[in-house]
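J.: Chains as they are written, first to last, in my numbering: chain A, 3 to 464; chain B, 18 to 191.
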Amino acid sequence: MRVADQRRHRLLAFPARQSRASGALNRITDDVALPLDTGPGAGWLAAFAVAATALLVGIGCVSYEIATGIGVWGLNRTVGWAFDITNFVFWVGIGHAGTLISAILLLFRQQWRTSINRSAEAMTIFAVICAALFPLIHMGRPWLAFYVFPYPNSRGPLWVNFRSPLLWDVFAINTYFTISLVFWYVGMIPDFATLRDRAVAGMKKTIYGIASLGWDGSQRTWSRYEALNTILAGLATPLVISVHSIVSMDFATSILPGWHTTLFPPYFVAGAVYSGFGMVTTLLILTRVLMHLDRYITRRHLDAMAKVMLLTGSLVGLSYATEFYVAWLNGSVYERATFFTRATGPYARLFWTMVACNAVAPQLLWFSRIRRSVAALFVFSIAVNIGMWLERFIIIVTSLHRSYLPSSWVGYQPTAIEVGTLVGSFGLFFTCFLLFIRLLPMIAIWEVKAGCLADAHGASDV
Amino acid sequence: MSRTYLVATFADSEALLDAVTTARAQGFKIYDVYAPCPIHGLDEAMGIQRTRLPYVTLVAGALALAATIAFEFYAAVFDWPLNVGGKPDNSTLAFVPIAFEMTVLAAGLATVAAFLLRSRLFPGAQPPLTTPGVTDDRFAVALRWRPNAFDTGSARHLLVQSGAIRIIQTASDL
């Protein structure tokens, strides 16, 4: 019943009426859908081979550890937490940048985030999966992991200890993972609809059709949808701060010198954002090269992320200085000795590497030439990842290995199994991420379009 | 019961906004507008009321907060008080973090569920009207057609005047 099809001639009669935006919108769909429609390139295959191999190493190490017991790790009676918990805190921190980009920058209406938020959220999900695995395998008997939930049990019921920060962690990580996953999926519904309508037929259309939940682009739905996104962002913002604060309380509520400080929650949150942005920068630079998305991941994005790292890196540097100052000021000999050992003891080299990566290196970002150089930022982002991993290692190990009783002072060396497990977690993370960029729309199509329309209309208003 | 709609497609969101404003000014009711992304100012032009989703968030969050605090109190004080380092059974402050996490979890999930229910989004859902291209780069406005109560001629005229590139009359059983 195309009654008025002939009216199309108006297009020819009034070419000015057709907005510049329209062609641009179609191009956004095509650009983002291209990697999903074509086969993988050599770069992707090579990266996937490396990541999957690392994952297999990790699976091997974890299987061996579970079959044998956590005695295969280098832990001893003094150092009861080391590599494993370091990895946990490291991965949780990585995840925080994704939430910051998707939630906090949404609330602050930072338009630049639209082309990177989807991949940053994906990074959050995968990082939290990696993080959650570590406490799980640290239990030694992970099949009893459900003991951490307060469920009616035949032991009384004996409830969990609600005063313990370790239990707070269970709730924080689970809530964080669930809300991040839901937020991520909700954000993709309109894009699944775009891909569904674009797919010709077959499995792809069916899968995208199911995932799109019958989305038809109705403005009445869009209206609610935008409200929903704002609400979720408003919930995720305090959530992300609570998660790393709670992680820091795993340490801060103990009475161990070097851990027992009220500085920890803000210090950990700043560090988490710093490390997370380091990882986002690493990933986006790799994606830019592998998937040829320089039009969407521009130098402007890298510049903005570098500025966030400059801010949070400086906060981390300030926290280091504050810790030392307070240790000197508060008059506790144990506190002083712990910090003195940190800077001069057996782990001094790691400590100074950490200071160089986290406190000194970000100061280079004051120079716009470094912020805008892709190569320099890539090197810097790797340094951030290393520095922030070391930070957690130093906090955990240097406080534990020499505490109150000199008779229990020992050293700690990780075993090959522990290193293999860390390698495996990177393998898991990158395998997931590489699959994500091939299977899901890695740029939020609808958000980039909304930004494009706003730009076009802003321009026509002038 | 079959319903009939007049669906006009636009290549430009400004033209669409124009058409919606004019149509409403002339007394037509806008059934819906379809677009690849939310359009600024369209809610006002269509007369869409503010969503009530935030109330769902508030109620679900408040209930979860109260329920979690109550449960923690019940478990730690009444059901099985456990002396951990001499801390009081009712360590209310220590109950806050978990209560907060449960509040966020319940509020978030309830809001998403309410959104999906209200918007009738579920796996395998069939939208009543589908217009090609509205998830890519086209914009469409749908007017509900009623026998004897709808001036098709003037509707067509105003849509064409606003820059519609295609107008179709379509029926839907949903």
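We put the beta carbon where it would ideally sit given N, CA and C, even for glycine.
Only a predicted model underlies this, so the values are computations on that prediction, with no experimental measurement involved.
Report the three-state DSSP secondary structure of F338 of chain A (helix, strand or coil).
T.: Here residue 338 of chain A refers to the residue found at position 336 of the first sequence. According to the sequence provided, residue 338 of chain A is Arg. The question's Phe does not apply to it. Looking at R338 of chain A - three-state DSSP - the assignment turns out to be helix.
J.: Starting from the C-beta of K46 of chain B, find all residues in its chain whose C-beta is less than 8 Å away, skip the five residues before and the five after it, and write them out in chain order.
T.: Position 29 of the second sequence holds residue 46 of chain B. Cβ neighbours of K46 of chain B beyond the five flanking positions: L160 and R161.
J.: Would the region 433-449 of chain A count as touching the region 27-45 of chain A if we require 3 or more Cβ pairs under 8 Å?
T.: yes
J.: Along chain B, in chain order, which residues have C-beta atoms closer than 7 Å to that of G219 of chain A?
T.: For the purposes of this step, residue 219 of chain A is taken as residue 217 along the first sequence, with counting starting at 1. Y51, A52, P53, V151 and T152, listed in chain order.
J.: Assuming F110 of chain A is part of the alpha helix (DSSP H), what are its boundary residues?
T.: The sequence position of residue 110 of chain A within the first sequence is 108, counting from 1. F110 of chain A -> no alpha helix (DSSP H), and no H or E assigned at all.
J.: Report the rounded CA-to-CA distance for H294 of chain A versus A44 of chain A, giving the unit in angstroms.
T.: Within the first sequence, numbered from 1, the residue matching residue 294 of chain A stands at position 292. Within the first sequence, numbered from 1, the residue matching residue 44 of chain A stands at position 42. About 13 Å.
J.: Would a check of beta-carbon distances place E61 of chain B closer than 8 Å to chain A?
T.: By 1-based counting over the second sequence, the position of residue 61 of chain B is 44. Closer than 8 Å: no.
J.: Classify G141 of chain B: buried if its beta carbon has 16 or more other beta carbons within 10 angstroms, exposed otherwise.
T.: As a first step, residue 141 of chain B is located in the second sequence; it is residue number 124 there, counting from the start. By the neighbour-count rule (16 or more Cβ atoms within 10 Å), G141 of chain B is not buried but exposed.
J.: What residues in the region 267-289 of chain A have a beta carbon less than 9 Å from any beta carbon of chain B?
T.: none
J.: Under the assumption that G429 of chain A contacts G60 of chain A (Cβ atoms under 8 Å), give the Cβ distance between them as a whole number of angstroms.
T.: Within the first sequence, residue 429 of chain A is the residue found at index 427, counting from 1. Within the first sequence, residue 60 of chain A is the residue found at index 58, counting from 1. So it is a contact: roughly 5 Å between Cβ atoms.
J.: Would you kindly work out how many angstroms separate the C-alpha atoms of F85 of chain A and N78 of chain A, rounded to a whole number?
T.: Residue 85 of chain A sits at position 83 when you count from the first residue of the first sequence. Residue 78 of chain A sits at position 76 when you count from the first residue of the first sequence. Those two C-alpha atoms are separated by around 12 Å.
J.: Tell me which residues share the same chain as V50 of chain B and place their Cβ nearer than 8 Å to its Cβ, disregarding the 5 neighbours each side in the sequence.
T.: Here residue 50 of chain B corresponds to residue number 33 of the second sequence, with the count starting at 1. Closer than 8 Å at Cβ, skipping near neighbours: L33, V37, I56, L59, M63, F156, A157, V158 and A159.
J.: With a threshold of 8 Å, are at least 3 pairs of Cβ atoms found where one atom belongs to the region 394-414 of chain A and the other to the region 339-355 of chain A?
T.: yes
J.: Any C-beta of chain B sitting closer than 8 Å to the C-beta of M444 of chain A?
T.: As a working note, residue 444 of chain A is residue 442 in the first sequence. Not one chain B Cβ lies under 8 Å of M444 of chain A.
J.: Express the C-alpha separation of A308 of chain A and A181 of chain B in angstroms, rounding to a whole number.
T.: Residue mapping note: residue 181 of chain B aligns to position 164 of the second sequence, counting from 1. Residue mapping note: residue 308 of chain A aligns to position 306 of the first sequence, counting from 1. Computed Cα separation, rounded: 45 Å.
J.: Counting Cβ pairs, one atom from each stretch, are 3 or more of them under 8 Å apart for the region 49-59 of chain A and the region 372-389 of chain A?
T.: no
J.: If we ignore side chains and look at the alpha-carbon of each, how far apart do Q65 of chain B and R183 of chain B end up?
T.: On the second sequence, residue 65 of chain B is found 48 positions in, with the first residue counted as 1. On the second sequence, residue 183 of chain B is found 166 positions in, with the first residue counted as 1. Checking the displayed sequence, the identity of residue 65 of chain B turns out to be Ile instead of Gln. Approximately 25 Å, taken between the alpha carbons.
J.: I'd like to know whether the C-beta of V464 of chain A is nearer than 8 Å to at least one C-beta of chain B.
T.: What you label residue 464 of chain A is simply residue 462 of the first sequence in a count that begins at 1. Unreliable placement is indicated for V464 of chain A, whose pLDDT of 31 sits below 50; no coordinate value is reported for it.
J.: Counting only Cβ pairs nearer than 8 Å, list the residues of chain A close to K104 of chain B.
T.: Position 87 of the second sequence, counted from the start, is the residue given in the question as residue 104 of chain B. Going along chain A in sequence order, the residues near K104 of chain B (Cβ under 8 Å) are R165.
J.: Per DSSP, what kind of secondary structure is V24 of chain B in: helix, strand or coil?
T.: Taking the second sequence and counting its residues from 1, one reaches residue 24 of chain B at position 7. In the structure shown, the three-state DSSP call for V24 of chain B is strand.
J.: Beta-carbon within less than 6 Å of A116 of chain B's beta-carbon, same chain only, minus the 5 sequence neighbours each way: which residues are those?
T.: As a first step, residue 116 of chain B is located in the second sequence; it is residue number 99 there, counting from the start. Around A116 of chain B: L82, T85 and I86.
J.: Name, going along the chain, the residues of the region 112-124 of chain B whose beta-carbon falls closer than 8 Å to a beta-carbon of chain A.
T.: F112, P114, I115, F117, E118, M119, V121, L122 and A124
J.: At a Cβ cut of 8 Å, what residues of the region 127-140 of chain B count as close to chain A, listed as they run along the chain?
T.: T128, V129, F132, L133, R135, S136, R137, L138, F139 and P140
J.: Under 9 Å Cβ-Cβ, which residues of chain B neighbour G244 of chain A?
T.: Stepping through the first sequence from its first residue, residue 244 of chain A is reached at position 242. It should be noted that the sequence gives Ser, not Gly, for residue 244 of chain A. Chain B residues near S244 of chain A: P114, F117, E118 and V121.
J.: What is the C-beta distance between A272 of chain A and S321 of chain A, in whole angstroms, given that I count them as a contact (C-beta under 8 Å)?
T.: Stepping through the first sequence from its first residue, residue 272 of chain A is reached at position 270. Stepping through the first sequence from its first residue, residue 321 of chain A is reached at position 319. Yes, A272 of chain A and S321 of chain A are in contact; Cβ-Cβ is about 7 Å, under 8 Å.
J.: How close, in whole Å, do the beta carbons of T120 of chain B and I233 of chain A come, if the pair is a contact with beta carbons under 8 Å?
T.: Taking the first residue of the second sequence as 1, we reach residue 120 of chain B at position 103. Taking the first residue of the first sequence as 1, we reach residue 233 of chain A at position 231. Incorrect: roughly 13 Å between the Cβ atoms, too far for contact.
J.: Can you tell me the Cα-Cα spacing of T70 of chain A and D218 of chain A, whole angstroms?
T.: Looking up residue 70 of chain A in the first sequence gives position 68. Looking up residue 218 of chain A in the first sequence gives position 216. Computed Cα separation, rounded: 54 Å.
J.: At the level of alpha carbons, what is the spacing between S405 of chain A and D457 of chain A?
T.: Sequence index remark: in the first sequence, residue 405 of chain A carries index 403 (1-based). Sequence index remark: in the first sequence, residue 457 of chain A carries index 455 (1-based). Each residue's Cα considered, the two are about 59 Å apart.
J.: Can you check the region 397-463 of chain A for any alpha helix (DSSP H) of at least 4 residues that lies completely inside it and give the ranges in chain order?
T.: 418-441 and 447-463
J.: With a threshold of 8 Å between beta-carbons, can A105 of chain A be considered close to chain B, or not?
T.: Taking the first residue of the first sequence as position 1, residue 105 of chain A is located at position 103. No - not a single Cβ of chain B is within 8 Å of the one on A105 of chain A.
J.: Tell me whether the region 117-124 of chain A and the region 246-259 of chain A touch, counting them as touching only if at least three CB pairs, one residue from each stretch, are closer than 8 Å.
T.: no
J.: With 16 other CB atoms within 10 Å as the buried threshold, where does E31 of chain B fall?
T.: By one-based count along the second sequence, residue 31 of chain B stands at place 14. E31 of chain B is buried by the Cβ-count criterion.
J.: Can you have a look at V130 of chain A and say buried or exposed, based on whether 16 or more other CB atoms are within 10 angstroms of its CB?
T.: Mapped onto the first sequence, residue 130 of chain A falls at position 128. By the 10 Å Cβ count, V130 of chain A comes out buried.
J.: Kindly indicate which residue of A:L441, A:R290 and A:P408 has the alpha-carbon position closest to the one of A377 of chain A.
T.: Taking the first sequence and counting its residues from 1, the one referred to as residue 377 of chain A is at position 375. Put simply, of A:L441, A:R290 and A:P408 the residue whose alpha carbon is nearest the alpha carbon of A377 of chain A is A:R290.
J.: Distance check for L437 of chain A and A201 of chain A, CA to CA, integer angstroms please.
T.: On the first sequence, residue 201 of chain A is found 199 positions in, with the first residue counted as 1. On the first sequence, residue 437 of chain A is found 435 positions in, with the first residue counted as 1. Straight across, the Cα-Cα distance linking A201 of chain A with L437 of chain A is about 19 Å.
J.: Between the beta-carbon of W186 of chain A and the beta-carbon of E123 of chain A, is there less than 8 Å?
T.: Numbered from 1 along the first sequence, position 184 holds the residue referred to as residue 186 of chain A. Numbered from 1 along the first sequence, position 121 holds the residue referred to as residue 123 of chain A. Yes, the pair counts as a contact, with Cβ atoms nearer than the cut-off.
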